[in-house]
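For the sequence shown, position 43 (counting from the first letter as 1) is numbered 318 according to the numbering used here, and the numbering increases by one without interruption.
Each residue gets a CB set at the ideal place from its N, CA and C atoms; glycine is no exception.
Here the structure is a predicted model, which means the values were calculated and not measured.
Heads up, the thing below is written out as structure tokens.
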Amino acid sequence: MNSPENVPPDPPLPPKAPVPDTPSEMGPTWEDDETLATLVLRSLFAMLAGGVLLYAQWSSPYSPPSEFWGRWIWTSILFNFIVPLLVVWMFFGQGFVHLDWLKNQKHNAWDYGWNWARWKRYAVFAVVVTAVMAIFMWFASRDPATRLAYNTFLPPTTTAAEWAWVLATLVIYMFCWEWCFRGFLLFGMAQGFGWVVAIAIQAAMFGFAHAGKPPVEFWSSFVGGGALGYICWKEKSFVPAFFVHALVQVVWSIMVRS
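What follows is the structure, given as structure tokens:
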């Protein structure tokens, strides 16, 4: 019998194979089998889902918003942000995760305009646009019919705390709004319809979502939706539209209540 000193050592274990962490190392993914038909179907799904969500929000019982402001904001968060993001996660891709290689995949939330890399540039752009529009907004805010419409739309703002609440929730509202139109809808529909058609459709939906607003705002929203859609497509980010829309809405609300 061999003594413990004479027992040969166990052979070394073979090295573990590295875990693949890039698409090329993992081999083909389900995206490699996509056809034009699947892209068009995805675009149709995004368009129909967006239409249903917008209709659900605008037909909600929380109207006028001034009487149900908190519920109105939560409705927007649900229908304009959470549900579209879940659609991207569940139906369009691998999910909203912080893995570099997933950011390069075609169908996850990163590629639906969720790009904040140039946020300082977008903030400056928003300030410039708002400054240019300020003179026109001031004259429009003096119109009695417009002031009456927004006094009905906005909740009371008689104290500093009420102003802070309204302006903060308006920014949240515009964030959800822009993610829906210039994120989910624009980049979702562009996959199968092309970017020109996608910009046109989201601008039309954006305009009709302003039904019931003063005529100047209603008609200008079609043009604004198209312009913001083009900018967001070129920048591959919905953030420029969010900054512009939020800042304009904050300044406008102050003007129309002053």
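*Leaving out the 5 sequence neighbours to the left and right, which residues in its chain are closer than 8 Å to Gly-482 when beta-carbon positions are compared?*
Phe-493, Trp-494, Ser-496, Phe-497 and Gly-500
*So does the region 463-478 actually touch the region 309-325, counting three or more Cβ pairs closer than 8 Å?*
yes
*Since Phe-414 is in the alpha helix (DSSP H), which residue starts that stretch and which ends it?*
394-416
*In angstroms, rounded to a whole number, what distance separates the CA positions of Thr-434 and Phe-414?*
25 Å
_Buried or exposed by the 16-neighbour rule on C-beta atoms within 10 Å, applied to Gly-345_ = exposed
*Looking at Val-358 and Leu-522, is the spacing between their C-beta atoms short of 8 Å?*
no
_Length-filtered (4 minimum) alpha helix (DSSP H) runs lying within the region 410-462_ = 419-428 and 435-453
*Classify Trp-508 as helix, strand or coil using the three-state DSSP reduction.*
helix
_So, at 6 Å on beta carbons, what are the nonlocal neighbours of Thr-444 in its own chain, with the 5 sequence-adjacent residues on each side left out?_
Ile-348
*Quick one: residues in its chain with C-beta nearer than 7 Å to the C-beta of Trp-389, no 5 flanking neighbours on either side, listed in chain order?*
Gly-458
*When DSSP labels each residue in this structure, what does Asn-390 get in the three-state scheme?*
coil
_DSSP three-state assignment for Ala-486, whether helix, strand or coil_ = coil
*Which residues bound the alpha helix (DSSP H) around Val-525?*
514-532
_DSSP-derived helix/strand/coil call for Ser-351_ = helix
*Run through DSSP, which three-state label would Ser-334 get?*
coil
*Taking Arg-393 as the reference, give the member of Leu-429, Thr-313, Pro-515 and Gly-487 with the closest Cα.*
Pro-515
*Cα-Cα, which of Pro-340, Leu-423, Val-327 and Tyr-448 is closest to Ser-351?*
Tyr-448
_Cβ neighbours of Phe-517 in the same chain (closer than 7 Å, five flanking residues each side left out)_ = Met-449, Phe-450 and Glu-453
_What does the alpha-carbon distance come out to for the pair Trp-333 and Met-322?_
17 Å
*With 16 as the cutoff for other CB atoms within 10 Å, does Ser-331 come out buried or exposed?*
A small correction: the amino acid at residue 331 is Ala; Ser does not occupy that position in the sequence shown. Flag for Ala-331 reads exposed.
*asked:* Taking the alpha carbon of Leu-423 as the reference point, which residue from Gly-487, Trp-391 and Phe-456 has its own alpha carbon closest?
replied: Gly-487
*In terms of residue numbering, what span does the alpha helix (DSSP H) encompassing Val-362 cover?*
358-362
_C-alpha gap between Gln-380 and Asp-386, whole angstroms_ = At Gln-380 the pLDDT is 49, less than 50, meaning the model places this residue with poor confidence; the figure from the coordinates comes in the next sentence. Roughly 8 Å between the two C-alpha positions.
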